[in-house]
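Enquirer: Okay, handing you the structure first.
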Amino acid sequence: GQNIDQPTEMTATEGAIVQINCTYQTSGFNGLFWYQQHAGEAPTFLSYNVLDGLEEKGRFSSFLSRSKGYSYLLLKELQMKDSASYLCAVRDGDYKLSFGAGTTVTVRA
Amino acid sequence: IAGITQAPTSQILAAGRRMTLRCTQDMRHNAMYWYRQDLGLGLRLIHYSNTAGTTGKGEVPDGYSVSRANTDDFPLTLASAVPSQTSVYFCASSERADSYNEQFFGPGTRLTVL
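Protein sequences appear in the order of chains A and B. At position 99 of the first sequence the residue is numbered 99 (our numbering), and the sequence of numbers has no breaks. At position 110 of the second sequence the residue is numbered 219 (our numbering), and the sequence of numbers has no breaks.
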């Protein structure tokens, strides 16, 4: 099976930066995704990495190191609306997505 | 319709009853997926379909069946519901199974089996 680990919870202050780490061990690798999920809603796509390095999209950035089986999602200039669960998902050699349990981020004023 | 729709939104079901969760997408995506989401476990793949007419088993397929008669619809059936199938069920689709494309998720069905 697949093994994807991320912290359960993180808390940060509005305007701050938070980094959510994800480590994985999968059978094959065809990319890593980050999704955002607000309580009671569907997951929505944030970012995709397939090569090593940093991908930046506005306030959100995602980093990948394939050799280390490691990724992080960086959220800058935190806003109250960023309070949500962030899901790390790895696409394996069969192109199936395996998800981590999610990291709940709480942004405080 | 815009994107992916699921029905019903929520359902309370007696154990042993048969139930079909419906999923329809209007994006002409080839690949469709069913996940269940349980607290502390994240999303787990139940069944998938890479293209109309084909289906495959995911991580937790037991007790569930699917069909893919056309591109748009991908129903999930619980033949005889059990309490351990209480969960939130998400349907998702992507343009293709074997490419970069992200998966788009429906709003979910909250199912309670008593």
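From the three backbone atoms N, C-alpha and C, an ideal C-beta is built for every residue, glycine too.
What separation, rounded to the nearest whole angstrom, lies between the Cα atoms of B:Q212 and B:A124?
Expert: Numbered from 1 along the second sequence, position 103 holds the residue referred to as residue 212 of chain B. Numbered from 1 along the second sequence, position 15 holds the residue referred to as residue 124 of chain B. Cα to Cα, the separation comes out at about 31 angstroms.
Enquirer: Looking at the secondary structure, which residues open and close the beta strand (DSSP E) in which A:M80 lies?
Expert: As a first step, residue 80 of chain A is located in the first sequence; it is residue number 80 there, counting from the start. Premise fails: A:M80 is in no beta strand (DSSP E) and is neither H nor E.
Enquirer: Which residue comes first and which comes last in the beta strand (DSSP E) that contains A:D5?
Expert: Counting from 1 along the first sequence, the entry for residue 5 of chain A is found at position 5. Counting along the chain, the beta strand (DSSP E) containing A:D5 begins and ends at N3 to D5.
Enquirer: I'd like to check one pair, A:D92 with A:Q6: are the Cβ atoms closer than 8 angstroms?
Expert: As a working note, residue 6 of chain A is residue 6 in the first sequence. As a working note, residue 92 of chain A is residue 92 in the first sequence. No, Cβ-Cβ distance for A:Q6 and A:D92 is not below 8 angstroms.
Enquirer: Given a cut-off of 8 angstroms, decide if A:T103 and A:S85 are closer than it, judged by their beta-carbon atoms.
Expert: By one-based count along the first sequence, residue 85 of chain A stands at place 85. By one-based count along the first sequence, residue 103 of chain A stands at place 103. Yes, Cβ-Cβ distance for A:S85 and A:T103 is below 8 angstroms.
Enquirer: Could you check the C-alpha separation between A:G58 and B:L122 for me, to the nearest Å?
Expert: Taking the first sequence and counting its residues from 1, one reaches residue 58 of chain A at position 58. Taking the second sequence and counting its residues from 1, one reaches residue 122 of chain B at position 13. Spanning the two alpha carbons is a distance of roughly 44 angstroms.
Enquirer: Apply the 10 Å Cβ neighbour rule to B:N139 and answer buried if 16 or more other Cβ atoms are within range, or exposed otherwise.
Expert: Within the second sequence, the letter at position 30 stands for residue 139 of chain B. B:N139 should be labelled buried.
Enquirer: If you measure between the beta carbons of B:G152 and A:F99, is that distance less than 8 angstroms?
Expert: On the second sequence, residue 152 of chain B is found 43 positions in, with the first residue counted as 1. On the first sequence, residue 99 of chain A is found 99 positions in, with the first residue counted as 1. The identity of residue 152 of chain B in the sequence shown is Leu, whereas the question assumes Gly. Result yes, Cβ atoms of B:L152 and A:F99 sit closer than 8 angstroms.
Enquirer: Is the Cβ of A:K96 closer than 8 angstroms to any Cβ of chain B?
Expert: As a position in the first sequence, residue 96 of chain A is number 96, starting the count at 1. True, the Cβ-Cβ gap to chain B drops below 8 angstroms.
Enquirer: Cα separation between A:F29 and A:N49?
Expert: Locating residue 29 of chain A in the first sequence gives position 29, counting from the first residue. Locating residue 49 of chain A in the first sequence gives position 49, counting from the first residue. The alpha-carbon atoms of A:F29 and A:N49 are separated by roughly 11 angstroms.
Enquirer: How about B:Y198: is its C-beta nearer than 8 angstroms to some C-beta of chain A?
Expert: Taking the first residue of the second sequence as position 1, residue 198 of chain B is located at position 89. It does not; no Cβ of chain A falls within 8 angstroms.
Enquirer: Once the 5 residues before and after B:T160 are set aside, which same chain residues still bring their CB inside 6 angstroms of it?
Expert: Walking along the second sequence from the start, residue 160 of chain B turns up at place 51. Excluding positions up to five away in sequence, the list reads N139.
Enquirer: Indicate whether at least one CB of chain A lies closer than 8 angstroms to the CB of B:Q134.
Expert: Position 25 of the second sequence, counted from the start, is the residue given in the question as residue 134 of chain B. No, its Cβ sits nowhere closer than 8 angstroms to a Cβ of chain A.
Enquirer: To which residues does DSSP link A:S65 through a beta bridge?
Expert: Along the first sequence, read from residue 1 onward, the residue named residue 65 of chain A stands at position 65. The partner list for A:S65 (beta bridge, DSSP) reads A:Y70.
Enquirer: Please name the residue in A:S67, A:G53 and A:P43 whose C-alpha comes closest to that of A:L74.
Expert: Locating residue 74 of chain A in the first sequence gives position 74, where the first residue counts as 1. The candidate whose alpha carbon is nearest that of A:L74 is A:G53.
Enquirer: Taking only three categories from DSSP, how would you classify A:S27?
Expert: Residue mapping note: residue 27 of chain A aligns to position 27 of the first sequence, counting from 1. DSSP places A:S27 in coil when its eight states are reduced to three.
Enquirer: According to DSSP, which residues form a beta bridge with A:V50?
Expert: Numbered from 1 along the first sequence, position 50 holds the residue referred to as residue 50 of chain A. According to DSSP, which records beta bridges pairwise, A:V50 is partnered with nothing at all.
Enquirer: Counting only the same chain and skipping the five closest in sequence on each side, list residues whose C-beta sits under 6 angstroms from that of B:D182.
Expert: Taking the second sequence and counting its residues from 1, one reaches residue 182 of chain B at position 73. Result list for B:D182: T133, in chain order.
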